[in-house]
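Below: the structure, in structure tokens.
Number of protein chains: 2
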Amino acid sequence: MLITFKQAASKLKAANKILITAHILPDGDAIGSTLATMQMLRALGKSAQVFIDDDVRKNLHVLPHFEEIRRPVDGEKFDADLLLILDTSPDRIGNVAKMTDAPILNIDHHVTNKNDAGDLYVEPDAAATCEIIFKLAGELNVKITPEIATCLYTGLATDTGFFQFSNTRAETFKTASELVNCGVKPNIISEQMERRSAAEVLSMRTALNSLKIFYGGKVAGMFLDLPTMQNCDSTEGFIDLIRVIDGVDVAFMISERSEKVCRVSMRSKGVDVSKVANELGGGGHIRAAGCTLYTTLDDAEKILVAAIGKAL
Amino acid sequence: MLITFKQAASKLKAANKILITAHILPDGDAIGSTLATMQMLRALGKSAQVFIDDDVRKNLHVLPHFEEIRRPVDGEKFDADLLLILDTSPDRIGNVAKMTDAPILNIDHHVTNKNDAGDLYVEPDAAATCEIIFKLAGELNVKITPEIATCLYTGLATDTGFFQFSNTRAETFKTASELVNCGVKPNIISEQMERRSAAEVLSMRTALNSLKIFYGGKVAGMFLDLPTMQNCDSTEGFIDLIRVIDGVDVAFMISERSEKVCRVSMRSKGVDVSKVANELGGGGHIRAAGCTLYTTLDDAEKILVAAIGKAL
């Protein structure tokens with residue numbers, strides 16, 4: 471059921487033992503918002519614990535209190551009077567869903583969240599869930615410590631691509647400003663977030679070496695085969711290297727995840743790539759979409775380039 | 471002579487024909503601050519014209535009123551009652567210095583500005599000259615149009631590495647927030663600023679392919695020879711690709727600009743690279759420094775790697 475911001479705050483005030491979670495494949499906003507909320511609720515004298523049912527990428531391990539995040543073990547239960555789900559709907563929290571029967575409070579900024587399994591406060595204009603949690607700190611009268619501010623800033627910065635995506639609004643910068651006043655060091659967080667392993671940089675080089683241009687420069691693609699992918703933790707940001715090329719409308723990357731399983735990512739400046747992805751069994755947004763093609767890398771290239779050609 | 475912010479504003483109010491300029495090798499803050507100030511002074515009914523004695527990189531050509539920037543032709547004079555120099559001291563404005571004998575008003579955020587050829591207002595805490603010009607608009611009672619805001623935001627964003635450098639402070643984000651309220655679209659400016667030519671991306675690939683690791687992973691270097699450099703407009707951001715590698719303290723790039731002229735750029739996470747640069751006849755800051763070595767690319771590598779080794 472949809473509830474208001476004030477109602478969401480009241481439910482948190484009324485709770486005493488809160489299990490906090492976010493989505494699997496957690497990003498900076500998932501980890502930042504859960505850790506910040508945990509600290510805020512503890513400051514109010516409540517018991518609060520974060521569980522995330524997935525590995526977390528290494529860059530985020532530096533966040534304050536990260537070491538307290540737990541992953542549920544098989545069949546584990548947790549004594550809670552509220553299950554707080556942040557940055558996602560209840561269907562993407564893995565086995566945390568089985569840990570408690572406590573009522574659900576769900577706070578999110580994704581307009582696609584249609585959760586009806588619990589109370590939902592959704593604010594689609596917010597750039598990040600951390601932007602909502604910042605306001606919640608005010609509503610709950612919690613002092614924002616440098617540690618809480620660091621968690622919130624990380625979510626805000628990563629979910630906006632460091633203030634470069636279209637979800638960046640005046641309120642986002644205002645929140646960032648106040649978080650800096652609370653003790654955040656933007657340059658230190660940026661440095662931590664942009665760190666890459668040497669293996670990742672070598673994979674990026676392999677990707678760049680595979681660059682092919684199609685349709686007279688309107689389309690650019692990169693290709694990562696299975697051996698390369700097996701040595702690569704993350705391909706985050708690789709596609710940006712070619713997306714920025716002058717004249718390129720659609721950039722794509724195909725990565726072979728296992729034999730005859732190729733993951734496709736697309737970015738666009740004009741063409742609706744969600745249509746291309748949909749046609750190939752995937753989905754996404756106008757400017758960023760993806761799909762999986764169950765064939766060889768060579769065949770995947772042919773299929774994808776033909777589909778993009780139709781869309782141009 | 472050092473003057474106050476209010477005195478700087480008074481001098482602008484008193485002037486009627488203002489020649490505005492900034493440094494050669496102009497960046498986003500130089501172009502953004504001059505174009506914004508030109509529009510502001512014109513809004514006050516004054517005559518104002520920007521001259522820059524250099525080429526401007528293509529990404530900045532999209533800024534409002536960019537097409538009105540002029541480059542002085544040989545011996546050209548300009549009738550002005552004030553020479554407004556932004557974002558640099560008077561020794562880095564090329565032939566614009568010869569265009570007028572009008573008194574100089576110099577506004578800058580570089581702490582290194584020691585100009586005594588005219589009135590100087592310097593605010594070293596400001597992240598960008600555009601941050602000062604934003605405050606000046608308030609002092610002069612000029613409405614910030616979306617066009618002025620776009621110029622100011624571009625300077626603010628580029629001089630802070632899109633809010634990722636250590637000069638980013640609470641005030642910077644507050645200014646960005648107000649500029650968005652004035653009509654700035656952060657994502658559109660980001661997209662325009664990050665555009666690269668295909669040739670640039672191919673040079674980046676060449677650079678990445680030349681990656682060498684030294685001192686057990688503490689130092690990473692890239693090398694661009696003369697033929698590659700001749701096909702490359704800009705190497706901006708190349709060094710960042712390897713600076714972010716886990717464990718790398720010093721990243722460097724050596725680019726051959728002509729026969730036996732090698733330009734060295736260094737970035738560091740800990741070591742004071744300005745000392746290394748000084749020792750080799752260059753200069754810079756603790757974390758970012760450079761020098762020129764008058765020898766072959768191979769020799770430059772040996773000399774630089776040895777010097778960095780001593781500093782580690």
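In order, the protein sequences belong to chains A and B. Residue numbers for the first sequence, in our numbering: 471 to 782. Residue numbers for the second sequence, in our numbering: 471 to 782. All C-beta atoms in this analysis are idealised placements derived from N, C-alpha and C, irrespective of residue type, glycine included. This structure is a prediction, so every number in the text was calculated from the model and none was measured.
On the three-state DSSP scale, how would you describe residue i?
| i | result |
| --- | --- |
| residue 676/A | helix |
| residue 549/B | coil |
| residue 589/A | strand |
| residue 575/B | strand |
| residue 754/B | strand |
| residue 465/A | An answer regarding residue 465/A cannot be provided, because it is not within the stretch 471 to 782 covered by chain A. |
| residue 759/A | strand |
| residue 777/B | helix |
| residue 709/B | coil |
| residue 482/B | helix |
| residue 522/B | coil |
| residue 613/A | coil |
| residue 559/A | coil |
| residue 715/A | strand |
| residue 669/B | helix |
| residue 582/B | coil |
| residue 488/B | strand |
| residue 505/B | helix |
| residue 463/A | Any question about residue 463/A goes unanswered here, given that chain A covers just 471 to 782. |
| residue 767/A | helix |
| residue 530/B | helix |
| residue 472/B | strand |
| residue 787/A | Outside the modelled stretch of chain A, which goes from 471 to 782, sits residue 787/A, for which no answer is possible. |
| residue 495/B | coil |
Can you check whether the CB of residue j is closer than 8 Å to the CB of residue i?
| i | j | result |
| --- | --- | --- |
| residue 640/B | residue 647/A | yes |
| residue 597/A | residue 628/A | no |
| residue 668/B | residue 686/A | no |
| residue 604/A | residue 570/A | no |
| residue 663/B | residue 515/B | no |
| residue 601/B | residue 645/B | yes |
| residue 785/B | residue 753/B | Past the edges of chain B, shown from 471 to 782, lies residue 785/B, and the structure says nothing about it. |
| residue 423/B | residue 492/B | Residue 423/B lies beyond the residue range present for chain B, which begins at 471 and ends at 782; the question has no answer from this structure. |
| residue 586/B | residue 471/B | yes |
| residue 723/B | residue 767/B | no |
| residue 710/A | residue 670/A | no |
| residue 617/A | residue 535/A | yes |
| residue 674/A | residue 681/A | no |
| residue 763/A | residue 678/B | no |
| residue 541/A | residue 561/A | no |
Assuming residue i contacts residue j under a Cβ cut-off of 8 Å, what Cβ separation, rounded to an integer in Å, is found between them?
| i | j | result |
| --- | --- | --- |
| residue 432/A | residue 689/A | In the structure displayed, chain A extends from 471 to 782; residue 432/A sits before or after that span and is not available. |
| residue 599/A | residue 625/A | 6 Å |
| residue 574/B | residue 553/B | 5 Å |
| residue 490/A | residue 519/A | 7 Å |
| residue 606/B | residue 473/B | Residue 606/B to residue 473/B, Cβ: 13 Å. No contact. |
| residue 720/A | residue 736/A | 6 Å |
| residue 529/A | residue 727/A | Wrong, their Cβ atoms sit about 22 Å apart, outside the cutoff. |
| residue 485/B | residue 551/B | 5 Å |
| residue 623/B | residue 654/B | 4 Å |
Identify the continuous beta strand (DSSP E) that holds residue i and give its terminal residues.
| i | result |
| --- | --- |
| residue 623/A | Premise fails: residue 623/A lies in the alpha helix (DSSP H), 616 to 629, not in any beta strand (DSSP E). |
| residue 636/B | Residue 636/B -> no beta strand (DSSP E), and no H or E assigned at all. |
| residue 732/A | 731 to 738 |
Span of the alpha helix (DSSP H) holding residue i?
| i | result |
| --- | --- |
| residue 538/B | Looking at the DSSP string, residue 538/B is not in any alpha helix (DSSP H), and its letter there is neither H nor E. |
| residue 682/A | Run containing residue 682/A: none in the alpha helix (DSSP H); it sits in the beta strand (DSSP E), 682 to 684. |
| residue 722/B | Note, residue 722/B: premise wrong, no alpha helix (DSSP H); beta strand (DSSP E) at 720 to 728. |
| residue 745/B | 743 to 749 |
| residue 660/B | 656 to 663 |
Between residue i and chain C, is any beta-carbon pair separated by less than 8 Å?
| i | result |
| --- | --- |
| residue 660/A | In the structure shown, chain C does not exist; the protein chains are A and B. |
When every heavy atom of the ligand MG is checked, does at least one fall within less than 7 Å of the C-beta of residue i?
| i | result |
| --- | --- |
| residue 569/B | The ligand MG is absent from the structure shown, which contains no ligands of any kind. |
Any residues in the segment 556 to 586 of chain B with a beta carbon nearer than 9 Å to a beta carbon of chain A? Which ones, in chain order?
-> Flagged: no residues at all.
Along the segment 631 to 648 of chain B, what residues have a CB closer than 7 Å to any CB found in chain A?
-> If the cut-off is 7 Å between Cβ atoms, the segment 631 to 648 of chain B has 632, 633, 634, 635, 636, 638, 639, 640, 643, 644, 646 and 647 near chain A.
Could you list the residues in the segment 697 to 714 of chain B with a C-beta less than 9 Å from some C-beta on chain A, going in chain order?
-> 710, 711, 712, 713 and 714
Residues of the segment 669 to 698 of chain A with a CB closer than 9 Å to any CB of chain B: list them in chain order, please.
-> 670, 671, 672, 674, 675, 678, 679, 681, 683, 687 and 690
Give, in chain order, every residue of the segment 525 to 558 of chain B whose Cβ lies closer than 7 Å to some Cβ of chain A.
-> none
Closer than 7 Å, Cβ to Cβ, to anything on chain A: give me those residues from the segment 715 to 734 of chain B, in chain order.
-> 715 and 716
When Cβ atoms are compared, which residues of the segment 741 to 754 of chain A fall closer than 7 Å to chain B?
-> The residues in question: there are none.
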